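Peer 1: Residue numbering for the sequence shown follows numbering that gives the first Met the number 0, beginning at 0 and increasing consecutively. Cβ coordinates follow ideal geometry from the N, Cα and C atoms, glycine included. This structure is a prediction, so every number in the text was calculated from the model and none was measured. Pasting a structure here, questions to come.
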Amino acid sequence: MKQNYLFFLVLFFICKSLGYTQIVNKGTLKILSNTDVYFGIKYTNDGSHTNDGNLYLKGNFINNGTTAAATTSTTHFTRTDSIQEIKGSANKVNFYNLVINNTSSGVSIVNAFELNVVNSVTLTNGDLRLVGEAQLLQSHTGANANTGTGKLLRDQQGISSKFGYNYWSSPVTTSPGIFKLNEGLYDGTDASTNAFSPTLAYISPTGFDGSATTPITISERWLYTYSANTAGYAGWDKIYQNSPINPGEGFTMKGTGAANQNYVFKGLPNDGDYSFPIATGQSVLLGNPYPSALDSQEFINDNPSVNQIEIWIDGGSDTHYLADYEGGYGVLNNTGGVAASVPSGIFGLGTSSGVTPKRYLAVAQGFFVEAISNNPIVFNNSQRIFKTETSGDSNFYKSSKIKNTDQEKNNENEQFIRIGYEDPEKYHRQLLLGFLPNSPANLNCNRGYDALMSSPREDELFFIIENDLTKKYVIQGVNAFDENDEFPLGLIMTEAGVHTIMLDTLENFTGKVYIKDMMANMFCDLTKDSFTPNLSPGTYLDRFRLVFKDKTAVVINEDINPNLGISAEKTNVYYHENGSFIVRTKNDLQVNNISIYNMLGQQIKKVSDNMLGKNVFSIPFQHPKSVYIVVVDSELGKETFRIINK
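Structure (structure tokens):
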């Protein structure tokens, strides 16, 4: 071991004597256990770097290769005269323990860089600056292992509007176990030029509006958490700039009015396990507690109390009046996410191009959950993951104006169908049906895969699962695709006008998608046309289904003679050249009514008078040449015929 130690000392002195400005590893470098190694200048790893001992760095660490660390190892950053940087083309570095003892500001992690520390971060002197979308991940189990008087600084951008809410959480604490806004929230407007010394944000106890002053002004009026012990609007708890906020607890805050407002959170980085007691039926505002992205699927899988996550997305509110807020809750679970339902004209929110929650929740993202059991809600390091917002894999949900990216990258074996429903007021609701071959989901209700609608409106389209007519599902996840499966839909229409069902998007799915009208036995191909039911206002819970095969019985009659070729043992329907539909039944069959529909499901004609004792019905029909659906409702049930009037 002493020889190994001497080798690095010799390497260091040779570099200095030859005037070199860095140490470069082009092959394999391994620091053995119980060995201390000192690099006094910049170190670049272009090969394989493994630390089983203690590495002391006085220069920058540039990682273009691979890194690994044993459980006994610690990497120290110890410069005294300038900031040190961690960067490199690998965009990632792995340490077991990390010590920052830099008395000149601290250590900077470049934008979009992944800093992995298995165990502890000790901030002895100086700060750890996560620039832009740099993230700190830790993977040990148990409580927070981080210590020290130094701070971690991390950026996040909020909504620009001074009227709109963001739901936040803090990735740091400002004193043991708690975060206070007046101690840990900083003005990040000049973060690129003042990375380590931002100015503390001013939180005004008076006034309704935030402002892009120097430093920024945040209105205290709109700071709230949400209590799990109180239901409805009464659950909102007013907090103040000095109120303690727990790791993982969400809070609301409005913007400053500045475009792309950047904030800086500064404090001891959160790490390890956090728990929140909750009871069945209670809702609570939580948030990602870590300075890294959070995997929502891991979070849901770890928590038997959680079925889905709901994320507030502001729709461009221009007032502080509650009744006039624009926005809604997007819903996310293991199947996927759907956008909030708001008017489709509001910045695209609610449409197929709207803001759809994605699997990975960004740093400081707040969200709601409603408990389905009494199990406490837990956060732990296994839920952490490195995902950036610029990659499109993660989002901090500021408003409907945030940049739309392609649909989330899914397993190629998974298939998704997004159905849209638009009511007469142009509110757009999206439903998600996911086929997940490697999941435990089936046609029954499955925790984490089937999600209830958030804040349903009076007019809605929704999935019905397990024939439970009391619940409105907006997401349904099942196992592998089967073209014979049918998915019941509920439709509630409280007002007259145009109600439209459409296909928003298909992901990895190339088949046909139909709306089946169970009453008319009519199928509308959503891959070709939208479906506009011509129905009276009402509740339709057993009429429509989402299906993948057109099973309509086709009966096409062109030159049929009504006196020839007709079976006396069954109902016959044909179009007569005199411009009428002829319906002929068995002599003793009682017919209740006969209805005719067009291919949009709109009822064109219904005959119900003078039916008793008749078995031949002539129905005048002067309509454009097309295919029509004739439904004969008799004492034996309903029979459906598809007829061309020519």
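Within the same chain, show all residues whose beta-carbon is closer than 6 Å to that of G327, passing over the 5 residues directly before and after it, in chain order.
Peer 2: So the list reads A339, S340, V341, once near-sequence residues are dropped.
Peer 1: Would you kindly report the start and end of the unbroken alpha helix (DSSP H) that includes S219?
Peer 2: Looking at the sequence itself, residue 219 is Glu, so the reference to Ser does not match. Segment: none, E219 is in no alpha helix (DSSP H) and carries neither H nor E.
Peer 1: Could you give the distance in angstroms between the alpha-carbon of S191 and the alpha-carbon of G249?
Peer 2: Cα to Cα, the separation comes out at about 27 Å.
Peer 1: Could you check which residue in R428, V615, Q589, V116 has the C-alpha nearest to that of S579?
Peer 2: Nearest option by C-alpha distance: V615.
Peer 1: Out of E457, E482, T499, C523, which has the shortest C-alpha to C-alpha gap to T493?
Peer 2: Looking at the Cα atoms, E457 is the closest of the given residues.
Peer 1: Taking G64 as the reference, which of P197, T71, L488, H48 has the closest Cα?
Peer 2: Of the listed residues, the one whose Cα sits closest to G64 is H48.
Peer 1: Under a Cβ-count criterion, where at least 16 other Cβ atoms within 10 Å of its own Cβ denotes burial, should S399 be classed as buried or exposed?
Peer 2: Because the pLDDT at S399 is just 46, under 50, the model does not fix this residue reliably, and the point stays unresolved.
Peer 1: Assign Q240 to one of three DSSP states: helix, strand, or coil.
Peer 2: Coil at Q240, not helix or strand.
Peer 1: What residue range does the alpha helix (DSSP H) around I299 cover?
Peer 2: Looking at the DSSP string, the run of the alpha helix (DSSP H) that includes I299 is 295-301.
Peer 1: For the region 54-64 against the region 82-92, are there 3 or more C-beta pairs whose distance is under 8 Å?
Peer 2: The region 54-64, when compared against the region 82-92, does touch it at the 8 Å Cβ threshold.
Peer 1: With contact counted as at least three CB pairs below 8 Å, one residue from each stretch, are the region 595-605 and the region 528-548 in contact?
Peer 2: Result yes; three or more Cβ-Cβ pairs closer than 8 Å.
Peer 1: Going by C-alpha to C-alpha distance, which of Q589, Y359, Y37 sits closest to Y55?
Peer 2: Checking every option, the nearest Cα to that of Y55 belongs to Y37.
Peer 1: Report yes if the C-beta distance between Q307 and L451 is below 8 Å; otherwise report no.
Peer 2: Taking 8 Å as the Cβ cut-off, Q307 and L451 qualify as a contacting pair.
Peer 1: Go through its chain and collect everything with a Cβ distance to T70's Cβ below 8 Å, but skip five positions before and after it.
Peer 2: If we look at T70 and ignore the five residues flanking it on each side, its Cβ neighbours are Y95, V117, N118.
Peer 1: Below 8 Å between beta carbons: does that hold for F275 and P375?
Peer 2: Contact: yes.
Peer 1: How many Å lie between S594 and R446 at the Cα?
Peer 2: Between S594 and R446, the C-alpha separation is close to 42 Å.
Peer 1: Determine the direct distance from the alpha carbon of E113 to that of I463, and round the result to whole angstroms.
Peer 2: In a straight line, the C-alpha of I463 is about 43 Å away from that of E113.
Peer 1: If we count Cβ pairs, one from each stretch, closer than 8 Å, do we get three or more for the region 409-420 versus the region 464-474?
Peer 2: Judged by Cβ distances under 8 Å, the region 409-420 makes no contact with the region 464-474, as fewer than three pairs qualify.
Peer 1: How do the region 359-367 and the region 280-295 stand: do at least 3 beta-carbon pairs fall below 8 Å, yes or no?
Peer 2: Contact between the region 359-367 and the region 280-295 is present, because at least three Cβ pairs lie under 8 Å.
Peer 1: I'd like to check one pair, S291 with F178: are the Cβ atoms closer than 8 Å?
Peer 2: No, the Cβ-Cβ distance between F178 and S291 is not below 8 Å.
Peer 1: With DSSP collapsed to three states, give me the class of G510.
Peer 2: Reduced to three states, the DSSP call for G510 is coil.
Peer 1: Assuming contact is defined by CB atoms lying nearer than 8 Å, are L647 and N115 in contact in what I supplied?
Peer 2: For residue 647 there is no data in the structure shown, the boundaries of the chain being 0 and 645.
Peer 1: Rounded to the nearest angstrom, what separates I491 and L540 at their Cα positions?
Peer 2: Each residue's alpha carbon lies about 8 Å from the other.
Peer 1: If I'm right that Q382 touches D294 with Cβ under 8 Å, what's the distance once you round it to whole angstroms?
Peer 2: Right, the Cβ-Cβ distance comes to about 5 Å (below 8 Å), so this counts as a contact.
Peer 1: Among V23, Q589, T255, which one has its Cα closest to the Cα of T43?
Peer 2: Comparing Cα-Cα distances from T43 to each of V23, Q589, T255, the minimum goes to V23.
Peer 1: I need the straight-line Cα distance from T650 to N110, nearest angstrom please.
Peer 2: A query on residue 650 cannot be resolved here, the shown segment of the chain reaching from 0 to 645 and no further.
Peer 1: Suppose only complete runs of 4+ residues qualify. What are the alpha helix (DSSP H) ranges in the region 132-196, listed by chain order?
Peer 2: Within the region 132-196, the complete alpha helix (DSSP H) runs of at least 4 residues are 180-183.
Peer 1: Tell me which same chain residues have a C-beta within less than 8 Å of the C-beta of Y574, skipping the five on either side of it?
Peer 2: Excluding residues within five positions, the ones whose Cβ falls inside 8 Å are N556, F580, I581, F620, I642, I643, N644, K645.
Peer 1: For the candidate residues V497, K515, G496, whose alpha-carbon lies nearest to that of F486?
Peer 2: The option with the nearest alpha carbon to F486 is K515.
Peer 1: Below 6 Å CB to CB, which residues in the same chain sit around Y324 once its five sequence neighbours on both sides are set aside?
Peer 2: Here the set comprises S316.
Peer 1: Can you look up Q83 in the DSSP assignment and give me helix, strand or coil?
Peer 2: Three-state DSSP puts Q83 in a strand.
Peer 1: Determine whether the Cβ of N100 lies closer than 8 Å to any Cβ atom of chain C.
Peer 2: The structure shown contains no chain C; it is built from a single protein chain.
Peer 1: Under 8 Å Cβ to Cβ from S633, same chain only, skipping five residues before and after it: list those, please.
Peer 2: Same-chain partners within the cutoff: T570, T584, L588, Q589, V590, N591.
Peer 1: Would you say the region 239-253 touches the region 222-229, given that touching needs at least three Cβ pairs under 8 Å?
Peer 2: Yes, the region 239-253 is in contact with the region 222-229.
Peer 1: What residues are listed by DSSP as bridge partners for N617?
Peer 2: Per the sequence shown, residue 617 should be read as Ser rather than Asn. Per DSSP, I581.
Peer 1: Since Y42 is in the beta strand (DSSP E), which residue starts that stretch and which ends it?
Peer 2: First-last of the beta strand (DSSP E) with Y42: 41-44.
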